[in-house]
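These notes concern the structure reproduced below.
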Amino acid sequence: MNLVGISINHNTSPLELREAVHLSRSDIVEFIPLLKKKYFSEGVVISTCNRTEIFGFPESSGLDPEPLMEVLMEFKSGADIKPQHIKRYFSCGAVKHLFAVASGIDSLIIGDSQILGQVKEAFEISEDLNFAGSVLRRIFDTATRVGKRAIKETTIGEGAVTVSYAAVQVVEKIFANLERKSALIIGAGETGELAAVHLHDKGIGKIAISNRSVDRAEKLAGKVHGEIVPFQLLGEHLHNYDIIISATSAEKLIVTFENVSSAMKKRRGSPVVLMDIAVPRDIDPEVKKIDNVFYHDMDSLKIIVGQNVQKRKDQIPLVEKIIMEELIGFFGWYNTLDVVPTIKTMRSFFEEIRKDELEKIRNKVSDEDYVKIEDMTRRMIGRLLHNPTVKLREFAETGANINDVTTNTMILKELFNLDHPSDNGDDTGSKINCKEELDKK
Amino acid sequence: MLQSIYLFNILLPVFYFLVFIIYGYDFYQENKTVNNSKRIILFITLLLHTFFLVSRTIEYNHPPITNKFEIFSIISFSIGFSYFVLELLTDIRGTGTFIIFFSFLFQIISSLFVEHTYIVPEVLRNRLLGLHVISALLGYSGITISAVYGLLYLLLYKNLKSNKFGLIFNRLPNLEILEKLSFYSAVIGFVLLTFAIVIGIIWLPSAFPEFSYYDPKLIGTFIVWLIYGIGIVNKFLEKLYGRKVILYSLFGFIVAIMSLIITNTLAKTFHSFY
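So the sequences go chain by chain: A and B. Here the first sequence is numbered in the numbering used here, starting from 72 and rising by one per residue. Here the second sequence is numbered in the numbering used here, starting from 1472 and rising by one per residue.
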């Protein structure tokens, strides 16, 4: 198989370069004709904020990815791509890498749930542009299955792995029904926005935003269908909220011990969660001494993130097992691509001989005897070819004894002087035992 | 029937131990297969226990309340049954090991020391007494379960306050759920205790000539009933929240235990049959 892949990702290159080579949907639509013209007969381009991956079958039989890099550099002229920024993959390795990407184990955030959708979308673009054939379709269908199995059969995607999501996880350990709770987000920056969006996605009953700049607060409030709390009057409104998340860049404390103490009196002791995800802190840590006040800061949330990242890492061997199972299954199918035409040619060869011989006796026997002989020869050929057909299919489908398959196919072709063009345009003609190849590596 | 009574007397602690281990294993490991099968095993155990209690009642011709160790078996059943109902109603399956432990404890003591006797005072053969005792025991089981959930609440509360995100944080339900479980158990316990008190007030004066409303056991039970009643009303009126509800429930439980110890060991009461 002459599948070639290149990857520029968080392991190979800095953020600036990843941003420079990032291809939007419209970029990909523009880039694919260039690829088609200069290098690939078919292929797929996956581009996210953390990776750009290009897979495909080159027009020529060579596996040199250098021209592919040149095409990319030509398209993204501003990007300073150096050879060390690119990881190259071939054949089995390329398929395996794609499966790893789809499963999320190669992501910056291990078990990232978005990557599977992005892989699917990338293939759909190629398909829409007539840049994907049957083998590529099968590879991407299998990649999608790998991703789904990883989510279903392992816990690779479970547990909060970002600070803002960990904050929500802690909130869920305190309150049962977020629909009946209200939240106040102090700070409308990136972290505050993430927390607000997470809470909104979890179905929080009421959400309010407070920010020094009212414009930003209004923008975020619009996004999460929230209301605005004037930043100057923050202290007077605290008691109205069950969850308070603060993520500003203020140098001094915004929520003091007195603020919380007075809010708790107004709440008649009803529990409140205070999440300080700002550096330096926004909330006085002394508030944790107050009854029914659950205060957490960056340090405590990072403990949760660390634990969950480790749990996800522990799942990688299980995902790799799924990848290996699907690789074997895929190459089992792939290896039959060359066997099936051989079987067909062999059966037509025997059928032609049978017909030829029948024609010779056509006028020498009665019609009734002819029908009997025709029937008998058909059964005979069927019985003679049954075992070789089944054995060849078995060898190919199990993906084992690849050398045997090749040898047997060749012997068969030699013995009966069979020849046929490979109907798999992407194939170099050789059988692949992916497990053996990867084990050797 | 005697053979099966003896057999179940041995088997029941084994079954409760098995249920306790399975719930415990699931708490630590979170295994999907175990998660689904543990409820079935608890149901089978409760079914066997019901059969055991009914068999004893028929064979010995009296409800199994004639000595402390028969009562212990009823307590074991009540705790297991109350937990089972609570699990069915809430579908919260992670806390069983903490409750079933008490079922196992009471049943093993019962199985080891219970006497198989046909001769009992006539008053103990009374069906109304059976109902009175069983509803009182179910009531006390309810408040025991409430106390266990209360302790789990305090454990998680402390873990959350001190930023400990280990097993307790990962496997226990959230604080509000624990509070609800503790509260609902207390409500169930309170209702059953009320039922037991009502039967007692109707039937006891006719059964015991020396009956007195100033009997220590009656006063003790009434105090416990009053404490839980006040707590439940205040919770409904939203005057008690979170940790305060739990602390109040634990206070009620301690009073209940103290009352049982004092009235069963120190005070003189007509209410003592053993």
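Don't be surprised by glycine CBs; every beta carbon is placed ideally from N, CA and C.
- Sequence-distant partners of A171(A) (beyond 5 residues in either direction) whose C-beta falls short of 7 Å from its own C-beta, in its chain, are D177, I394.
- Residues are counted here when their Cβ sits less than 7 Å from a Cβ of chain A; for the region 1696 to 1725 of chain B these are Y1712, G1713, R1714, K1715, given in chain order.
- Taking a contact to require three or more Cβ pairs closer than 8 Å, the region 205 to 223 of chain A and the region 272 to 282 of chain A do not qualify as touching.
- In the DSSP assignment, S148(A) falls outside any beta strand (DSSP E), carrying neither H nor E.
- Secondary structure in the region 379 to 453 of chain A: the alpha helix (DSSP H) runs of 4 residues or longer, each lying completely within the stretch, are 387 to 432 in chain order.
- Judged by DSSP secondary structure, R208(A) falls within the alpha helix (DSSP H) whose first and last residues are 205 to 224.
- For Q381(A), the closest of D313(A), G228(A), A193(A), L106(A) by C-alpha to C-alpha distance is G228(A).
- The CB of A247(A) comes closer than 7 Å to the CB of N1645, E1647, I1648 in chain B, given here in chain order.
- Contact between V92(A) and I186(A) does not hold, since the beta-carbon distance rounds to 17 Å and is not under 8 Å.
- Of the candidates S1544(B), Y1611(B), R1642(B), R1527(B), R1642(B) places its Cα closest to the Cα of T1568(B).
- The beta carbon of F1640(B) sits closer than 9 Å to some beta carbon of chain A.
- The C-alpha of L1609(B) is placed about 25 Å away from the C-alpha of G1713(B).
- Apart from sequence neighbours up to five positions away, the residues of its chain that approach L139(A) with a beta-carbon distance below 7 Å are V75, I77, Y110, I125, ordered along the chain.
- Setting aside the 5 residues that flank it on each side, V350(A) is surrounded in the same chain by M369, each with a C-beta closer than 7 Å to its C-beta; the list follows chain order.
- Within chain B, the residues whose beta carbon sits less than 7 Å from that of S371(A) are N1634, listed in sequence order.
- For the pair V1695(B) and V1726(B), the CB atoms are nearer than the 9 Å cut-off.
- Residues S78, T83 of the same chain have their beta carbon placed closer than 6 Å to that of K158(A), with the five preceding and five following residues left out of the count.
- Interface annotation for the region 374 to 390 of chain A against chain B: I374, I375, Q378, criterion Cβ-Cβ distance under 9 Å.
- Where I1492(B) is concerned, there is no enclosing beta strand (DSSP E), although the alpha helix (DSSP H) around it starts and stops at 1473 to 1500.
- Sequence-distant partners of I1732(B) (beyond 5 residues in either direction) whose C-beta falls short of 7 Å from its own C-beta are missing from its chain.
- The beta carbons of D362(A) and I354(A) sit about 17 Å from each other, so the pair does not count as a contact at 8 Å.
- One alpha carbon belongs to G114(A), the other to F102(A), and they sit about 11 Å apart.
- Interface criterion met: the Cβ of L1627(B) is under 9 Å from a Cβ in chain A.
- Counting C-beta pairs with one atom in each stretch, the region 329 to 339 of chain A and the region 290 to 302 of chain A have fewer than three that are closer than 8 Å, which means they do not touch.
- Taking a cut-off of 8 Å on C-beta distances, the region 315 to 324 of chain A touches the region 253 to 269 of chain A, as three or more cross pairs fall below it.
- As a beta-bridge residue in DSSP terms, K277(A) pairs with S253(A).
- Straight through space, the alpha carbons of M335(A) and H310(A) are spaced by roughly 7 Å.
- The beta-carbon separation of R1527(B) and E1558(B), rounded to 26 Å, does not stay under the 8 Å limit for a contact.
- Close to L1631(B), with beta-carbon spacing below 7 Å, are these residues of chain A in chain order: K244, I245, F365.
- Contact annotation: V166(A) and L398(A) have beta-carbon atoms nearer than 9 Å.
- The beta carbons of F1543(B) and I1580(B) sit about 5 Å from each other, so the pair counts as a contact at 8 Å.
- Excluding the 5 residues flanking it on each side, L1482(B) has no same chain C-beta neighbour closer than 6 Å.
- With 16 or more neighbouring CB atoms inside 10 Å of its own CB, E1541(B) falls in the buried class.
- Taking CB atoms only, K1651(B) has a neighbour in chain A less than 9 Å away.
- For the C-beta of R208(A), not a single chain B residue is nearer than 7 Å; the gap to the nearest is close to 33 Å.
- According to DSSP, P129(A) shares a beta bridge with F111(A).
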